[in-house]
Structures are given as structure tokens and as C-alpha cells.
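**Q** Just so we're aligned, residue 118 is where the sequence shown starts under our numbering, counting upward by one.
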Amino acid sequence: MTRADAFFGDIPSFNQTLFDQLVDFSNRYGDGYYNLTVAAEYRYHLIQQAIATNPNFTFVSPRYFTAYGESAFTLNLFVDGRDNTTALGGRRLDMDTALSFFRDSRFPPDFHRASRPTGTDGVREIMAAYPFKPGRNVDGKINNFVEDPTSPSDFGGCGLYEDFVEKVVALYPNPKGVLRRNLIINLHFFYGVFASRCEEALPYGTL
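(1) To which residues of the same chain is TYR146 closer than 6 Å at the C-beta, ignoring the five residues directly before and after it?
(2) Got a sec? Which residues, its chain only, sit under 8 Å from HIS162 by beta carbon, not counting five neighbours each side?
(3) Any idea which residues DSSP pairs ARG253 with across the strands?
(4) Look at the alpha carbon of MET244 and the alpha carbon of TYR185, and state the distance between them as a whole number of angstroms.
(5) Since ILE168 and PHE249 are thought to touch, with beta carbons under 8 Å apart, how far apart are those beta carbons, to the nearest angstrom?
(6) I need the DSSP call for ASP280, collapsed to helix, strand or coil.
(7) Mind checking THR191: buried by the 16 CB within 10 Å criterion, or exposed?
(8) Does the beta-carbon of ASP221 have 16 or more other beta-carbons within 10 angstroms, so that it is buried, or is it exposed?
(9) Could you tell me the boundaries of the alpha helix (DSSP H) in which SER188 lies?
(10) Rounding to the nearest angstrom, what Cα-Cα distance links LEU135 and ALA121 in this structure?
(11) Need the endpoints of the alpha helix (DSSP H) that ALA245 sits in, please.
(12) Hey, could you find the ends of the alpha helix (DSSP H) GLY147 is sitting in?
(13) With a 10 Å radius around its C-beta and 16 neighbouring C-beta atoms as the bar for buried, classify ASP280 as buried or exposed.
(14) Apply the 10 Å Cβ neighbour rule to PRO226 and answer buried if 16 or more other Cβ atoms are within range, or exposed otherwise.
(15) Tell me, please, whether the stretch 197-204 touches the stretch 171-178 by the rule of three or more beta-carbon pairs shorter than 8 Å.
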């Protein structure tokens, strides 16, 4: 949201131009605040902007989901914990606080952390505002976006879970000892989100 795509280099650094865009969208759609409406409008804008400027733009799982997730998490996590509104109930983030987090990577003065567990509130609503399928720019060209039907797109669906596990296994094909143990524990923890509708994958066995 405030960092450049890898294609443009300098990924970690705060990008003032992108933050200025965020402020502009907050002024246009949120009366100067970042809210759920702004989150949806700005995310869609960033997708279209990337298609038009980044010939290597790739928007498939898991980035497909984390992009929408970060739009919601900004609203869920960066608002002072004494504010009990929810993302769906009018929660909003002021730009001074946003700047402190995005540019300075620090809590603002007298900031209180969330008073309750915070999850994925608002993600589905952001995705639904502008339905968009996973895909990528092809042939190294801008404005050449092609959908990828092999990438999962259902937030919370089994496809997301299975794709995540497959990527973990590709990174750690034959773990041993503590690493294997920790992968088993964390994959099982991740599975908890999907337990009611998906079969658990056990690529490394059980403890």
C-alpha cells in the first residue's frame, strides 16, 4: 500500500507518492479517514495501477489474498484500541496515525493496542466491491493481464488452504528435527481456520 512493487526496486522503503495516493483516496471517499470504502477503492486502484505500470505484475495466491488482507488489517490493527467500532461498523483511521505506522513503523503517542482479538473483518467486503480474478501480465507487457484459473480465489476456501500447504512443502521438502516439528505445529494451527470445511493435509505427518 505504501511500498513499491519489486519491479521498481527499493521494496522496503516508504514511498511518499503511494502514501499521498492513500491520503487522496481517504479524502475523496472517507472524509479524510481510511475506512472500509476507502480500502476497497484504493485496493482496486492499486491493482489497476500495477497492471498499467508493471510488466511483471503477478496477482495470484497467496499474494492475491494477502493484498486484500493488508487493506483490511490496516483498518483493524492501526486504529486505537479504545475505539470499539468494527470495520463493518464505521471504523476509521486518521492519516497522522497511518503515517506513523507506514512511514515511521512505530505506535503513535498514547496509542492503545486492540482490546479484543482481531481477525479478517472486512476482507470479503473489500473483495466483493470490485470482484477480480487472479492472474498476471504476460509476455513482459503492461496492460496485458490474463486471468489464471489455476489460482484459488475463494477467501477461506479449501483451495487457499491447499495452495498454501503446497507452497510450504515446496520450500521445505524434507525438513528434519525442530524444523519439521514446528512446521507440523504451525500448519495445524493454520488449518484451524479451515477445519469446518476442509480435510487437513499432513505432508510431514503428525507429532
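Backbone N, C-alpha and C define an ideal beta-carbon position, used for all residues, glycine too.
For clarity, every value in this text was computed on a predicted model and none was experimentally measured.
**A** Reading off the structure:
(1) Taking the sequence shown and counting its residues from 1, the one referred to as residue 146 is at position 29. Closer than 6 Å at the Cβ level, and outside the excluded window around TYR146, lie THR154, VAL155, GLU158.
(2) By 1-based counting over the sequence shown, the position of residue 162 is 45. Answer for HIS162: GLN138, PHE142, listed in chain order.
(3) Sequence index remark: in the sequence shown, residue 253 carries index 136 (1-based). Answer is THR175, VAL263.
(4) Here the question's residue 244 lines up with position 127 in the sequence shown. Here the question's residue 185 lines up with position 68 in the sequence shown. C-alpha separation (whole angstroms): 7 Å.
(5) Translated into positions along the sequence shown, residue 168 becomes position 51. Translated into positions along the sequence shown, residue 249 becomes position 132. Wrong, their Cβ atoms sit about 10 Å apart, outside the cutoff.
(6) Along the sequence shown, read from residue 1 onward, the residue named residue 280 stands at position 163. Three-state DSSP puts ASP280 in a helix.
(7) Taking the sequence shown and counting its residues from 1, the one referred to as residue 191 is at position 74. Buried is the call here.
(8) For this step, residue 221 is matched to residue 104 along the sequence shown. It is exposed - the Cβ of ASP221 has fewer than 16 other Cβ atoms within 10 Å.
(9) Indexing the sequence shown from 1 puts residue 188 at position 71. 180-194 is the span of the alpha helix (DSSP H), which, as asked, contains SER188.
(10) Within the sequence shown, numbered from 1, the residue matching residue 135 stands at position 18. Within the sequence shown, numbered from 1, the residue matching residue 121 stands at position 4. One C-alpha to the other measures close to 8 Å.
(11) Sequence index remark: in the sequence shown, residue 245 carries index 128 (1-based). Element bounds for ALA245: 240-246.
(12) Along the sequence shown, read from residue 1 onward, the residue named residue 147 stands at position 30. Segment 133-147, the alpha helix (DSSP H) holding GLY147.
(13) As a first step, residue 280 must be located in the sequence shown, where it is residue number 163. Buried, since its Cβ has 16 or more Cβ neighbours within 10 Å.
(14) Against the sequence shown, residue 226 aligns to sequence position 109. The residue in question, PRO226, is exposed, as its Cβ has fewer than 16 Cβ neighbours within 10 Å.
(15) no
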